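The opening position of the sequence shown corresponds to residue 92 in this note's numbering, with each subsequent residue numbered one higher.
From the three backbone atoms N, C-alpha and C, an ideal C-beta is built for every residue, glycine too.
Note that the structure is a prediction, hence the values are computed from the model and not measured.
This report concerns only the one structure given below.
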Amino acid sequence: IQHYLIWHHDGRRWRMGASMMGPDWTHWNGAVDAIMNKLGTMVNDIEMRRKLKKM
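Written as structure tokens, this is what we have:
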């Protein structure tokens, strides 16, 4: 689900900002938001699943 949210919602922001010639807007309102929030959450989820599998 996280992959879909990143691709669909944040990817749309990245594409629209780039097509509107707004690289600064694209960077701060698309890429940074996705990296800091969603990818961080996804990494934590993956680490937790790995720890649970080791138990």
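Exercise. Do Lys-144 and Ile-97 have their C-beta atoms closer together than 8 angstroms?
Worked result: Not a contact, by the Cβ cut-off of 8 angstroms.
Exercise. Which residue comes first and which comes last in the alpha helix (DSSP H) that contains Leu-143?
Worked result: 131-145
Exercise. Excluding the five sequence neighbours on either side, which residues of its own chain have a C-beta within less than 8 angstroms of the C-beta of Met-139, listed in chain order?
Worked result: none
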